[in-house]
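Engineer: Please read through the structure below; I'll follow up with questions.
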Amino acid sequence: SAASSDGGTRLQTRDSPQNKAYFWLVATDLSGMTDETKIQRFALATLYYSTNGDDWTNNGLWLTEQDECDWAFAEAPCDASGVVVNLDLAFNNLRGEIPPEIGLLTDLVSIILNGDGSSSQLSGSLPGDLSLLEKIERFSISNNDLSGPIPPGLNWPLATSFDLSKNRLTDRVPDDIGLMVSLENLNLADNMLSSDLTASIGSLTKLEQMDLRGNEFEGPIPASIGNLILLQSINLSNNGFTSLPATIGNLVNLESLDVQSNDLGGQLFDNWAGLDVLTTLDLHDNDLEGPIPVSLGSLAAIQILDLSFNMFSENIPTELGELSTVFHLFLNSNKLTGNIPAALDGLSVISFLRLDDNELEGAVPSELCDTLGDNQVPRFYSDCDVLSGEGKIQCPLGTCCTHCCNGESCECVFSGQLEFLCL
Numbered sequence: 419s420a421a422s423s424d425g426g427t428r429l430q431t432r433d434s435p436q437n438k439a440y441f442w443l444v445a446t447d448l449s450g451m452t453d454e455t456k457i458q459r460f461a462l463a464t465l466y467y468s469t470n471g472d473d474w475t476n477n478g479l480w481l482t483e484q485d486e487c488d489w490a491f492a493e494a495p496c497d498a499s500g501v502v503v504n505l506d507l508a509f510n511n512l513r514g515e516i517p518p519e520i521g522l523l524t525d526l527v528s529i530i531l532n533g534d535g536s537s538s539q540l541s542g543s544l545p546g547d548l549s550l551l552e553k554i555e556r557f558s559i560s561n562n563d564l565s566g567p568i569p570p571g572l573n574w575p576l577a578t579s580f581d582l583s584k585n586r587l588t589d590r591v592p593d594d595i596g597l598m599v600s601l602e603n604l605n606l607a608d609n610m611l612s613s614d615l616t617a618s619i620g621s622l623t624k625l626e627q628m629d630l631r632g633n634e635f636e637g638p639i640p641a642s643i644g645n646l647i648l649l650q651s652i653n654l655s656n657n658g659f660t661s662l663p664a665t666i667g668n669l670v671n672l673e674s675l676d677v678q679s680n681d682l683g684g685q686l687f688d689n690w691a692g693l694d695v696l697t698t699l700d701l702h703d704n705d706l707e708g709p710i711p712v713s714l715g716s717l718a719a720i721q722i723l724d725l726s727f728n729m730f731s732e733n734i735p736t737e738l739g740e741l742s743t744v745f746h747l748f749l750n751s752n753k754l755t756g757n758i759p760a761a762l763d764g765l766s767v768i769s770f771l772r773l774d775d776n777e778l779e780g781a782v783p784s785e786l787c788d789t790l791g792d793n794q795v796p797r798f799y800s801d802c803d804v805l806s807g808e809g810k811i812q813c814p815l816g817t818c819c820t821h822c823c824n825g826e827s828c829e830c831v832f833s834g835q836l837e838f839l840c841l
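Using this note's numbering, you'd call the opening residue of the sequence shown number 419 and step up by one each time.
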């Protein structure tokens with residue numbers, strides 16, 4: 419029971435992984451073996467039996483009399499003292515559950531148990547005994563079938579990478595996540611995590627990459643996210659977040675922000691001027707309303723700006739014409755009114771412009787058409803409906819507007835040598 423987190427219950431259960439590991443261990447030559455080595459071999463053997471080790475793609479010298487540091491489970495599995503520090507069994511056809519006895523390997527620095535997303539998948543829940551591994555720097559178990567909550571108590575101050583993506587984990591992210599103060603990469607994407615996102619996320623001040631897409635988060639994105647000034651990429655898409663805090667404007671190193679397909683509502687804050695390295699901003703498929711913030715025109719490096727499928731209203735800000743680096747600008751499917759501003763001729767490298775499905779009217783400015791004509795085969799969608807002849811936008815077809823829409827569908831109007839682009 420000294421090597422068991424449950425007082426020996428699992429160990430005494432006939433044919434359990436712990437029971438098999440115990441009887442394997444006592445059947446080997448234990449002479450001269452320290453208690454620490456016995457515990458280490460027992461923990462590894464339990465992992466082997468718990469994850470169907472006989473069918474692993476590579477089980478090397480596992481469960482032989484050879485030193486466990488010679489078993490195949492990492493490029494450099496042990497330190498100079500023969501203590502296991504790296505456990506890498508990714509893509510090795512592991513099937514079964516992570517046993518609590520993994521917590522006995524208290525010197526582990528790295529655990530990589532990624533599955534292949536199909537037949538090679540770990541299942542069950544994450545054992546609470548992971549909290550015993552206080553030296554962890556990297557933890558990655560993506561592409562498995564793990565379920566249940568992220569266990570509390572993961573006080574891993576040295577961890578730089580934490581990847582639980584593509585599983586079936588549920589419930590609220592524990593506040594203890596904020597204890598991983600060295601974290602640079604956080605990936606919880608494609609699970610079923612829910613409730614509000616803990617404000618303790620703001621304690622991860624070394625974070626550079628955050629991916630929480632494809633979960634069931636709800637409520638406001640915490641304002642504390644503005645503390646993470648080293649963040650380069652944020653993906654919160656496909657959740658139920660309801661508001662985007664103005665503190666996002668503090669993230670001066672941010673290169674990509676994706677919050678598409680959420681429940682964001684109200685007016686979008688007008689505090690974008692300092693995000694000089696932001697190249698991608700995707701807020702499409704939300705319920706944002708009111709005017710488009712004029713400070714978006716100050717995004718000096720933006721390449722993709724997608725505000726489509728919201729409820730933005732009023733005029734298109736002339737300041738958007740200052741986006742000289744933008745390739746894709748999508749303002750379609752909103753409630754924008756007035757004329758298309760001539761200032762959009764400043765979109766000097768635009769290759770894809772969508773202004774359709776709005777309440778815009780009048781003629782497309784010739785200056786914008788000239789800019790589009792100077793670029794190589796740009797696509798420009800507007801409400802120049804040629805099907806009914808009732809288009810609200812007047813635009814030279816094929817040479818300026820390339821697709822004419824009526825709110826329900828769009829028709830390609832390329833002609834002549836460019837007609838093949840409609841295919």
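Note that CB positions come from ideal geometry on N, CA and C, so glycine has one too.
For GLN539 and LEU522, I'd like the C-alpha separation in whole angstroms.
Structural biologist: Between GLN539 and LEU522, the C-alpha separation is close to 23 angstroms.
Engineer: If you check the beta carbons only, do GLY596 and SER621 fall under 8 angstroms apart?
Structural biologist: For GLY596 and SER621, yes; Cβs fall inside 8 angstroms.
Engineer: List the whole-angstrom C-beta distance separating SER756 from ASN733, where the pair is believed to meet the contact cut-off of C-beta under 8 angstroms.
Structural biologist: According to the sequence as given, residue 756 is Gly; it is not Ser. Yes, GLY756 and ASN733 are in contact; Cβ-Cβ is about 4 angstroms, under 8 angstroms.
Engineer: Buried or exposed: where does PRO435 fall if 16 or more other Cβ atoms within 10 Å of its Cβ makes it buried?
Structural biologist: Buried, since its Cβ has 16 or more Cβ neighbours within 10 Å.
Engineer: Look up ASN680 in the DSSP assignment and say whether it is helix, strand or coil.
Structural biologist: The answer is coil: DSSP assigns ASN680 none of H, G, I, E or B.
Engineer: If you compare alpha carbons, which of SER536, THR623, PRO570 is closest to THR578?
Structural biologist: Minimum Cα distance to THR578 is reached at THR623.
Engineer: Rounded to a whole number of angstroms, what is the C-alpha to C-alpha distance between SER419 and THR427?
Structural biologist: Summary for SER419: the model assigns pLDDT 42, below 50, so the residue's position carries little reliability, and this model does not support an answer.
Engineer: For LEU479 and ALA490, which I take to be in contact (beta-carbon distance under 8 angstroms), what is that distance rounded to the nearest angstrom?
Structural biologist: Their Cβ separation, rounded to whole angstroms, is 7 angstroms, which keeps LEU479 and ALA490 in contact under 8 angstroms.
Engineer: Would you mind giving the Cβ-Cβ distance between ALA664 and ASP629, rounded to the nearest angstrom? I have them listed as a contact below 8 angstroms.
Structural biologist: Contact flag wrong, Cβ pair sits at about 22 angstroms.
Engineer: Do you know how far the Cα of HIS746 is from the Cα of ASN824?
Structural biologist: In a straight line, the C-alpha of ASN824 is about 21 angstroms away from that of HIS746.
Engineer: Using 8 angstroms for Cβ pairs, my map puts GLY644 next to ILE666. What's the rounded Cβ distance?
Structural biologist: Contact flag correct, Cβ pair sits at about 6 angstroms.
Engineer: Take ASN363 and list the residues in its own chain whose beta-carbon comes closer than 6 angstroms to its own, dropping the five residues that flank it on each side.
Structural biologist: The structure shown has nothing for residue 363, since the chain only spans 419 to 841.
Engineer: Distance, Cα to Cα, GLU555 vs LEU576?
Structural biologist: C-alpha separation (whole angstroms): 5 angstroms.
Engineer: Assess, as a yes-or-no matter, whether the stretch 439 to 450 is touched by the stretch 491 to 507 under the definition of 3 or more beta carbon pairs within less than 8 angstroms.
Structural biologist: Contact fails: fewer than three Cβ-Cβ distances are below 8 angstroms.
Engineer: Tell me which residues share the same chain as HIS821 and place their Cβ nearer than 6 angstroms to its Cβ, disregarding the 5 neighbours each side in the sequence.
Structural biologist: Answer for HIS821: TYR799, CYS828, CYS830, listed in chain order.
Engineer: Could you work out which residue in VAL677, LEU754, LEU762 is closest to GLU707 when comparing CA atoms only?
Structural biologist: The residue with the shortest Cα to Cα distance from GLU707 is LEU754.
Engineer: What span of residues does the alpha helix (DSSP H) with GLU779 cover, start to end?
Structural biologist: No alpha helix (DSSP H) contains GLU779, which DSSP labels as neither H nor E.
Engineer: Residues bridged to LEU604 by DSSP?
Structural biologist: Answer by DSSP bridge pairing, in chain order: PHE580, MET628.
Engineer: Three-state secondary structure (DSSP) at LEU462?
Structural biologist: If DSSP states are grouped into helix, strand and coil, LEU462 belongs with the helices.
Engineer: Which value, in whole angstroms, describes the spacing of the CA atoms of ILE811 and CYS802?
Structural biologist: Cα-Cα distance, rounded: 5 angstroms.
Engineer: Over what stretch of residues does the alpha helix (DSSP H) that includes GLY791 continue unbroken?
Structural biologist: Segment 784 to 792, the alpha helix (DSSP H) holding GLY791.
Engineer: Hey, could you find the ends of the alpha helix (DSSP H) PRO435 is sitting in?
Structural biologist: Where PRO435 is concerned, the enclosing alpha helix (DSSP H) stretches over 435 to 444.
Engineer: Do you know offhand how far PHE635's Cα is from PRO592's?
Structural biologist: The straight-line gap from Cα to Cα measures roughly 13 angstroms.
Engineer: From SER661 to THR469, what does the alpha carbon distance come to, in whole angstroms?
Structural biologist: The alpha-carbon atoms of SER661 and THR469 are separated by roughly 42 angstroms.
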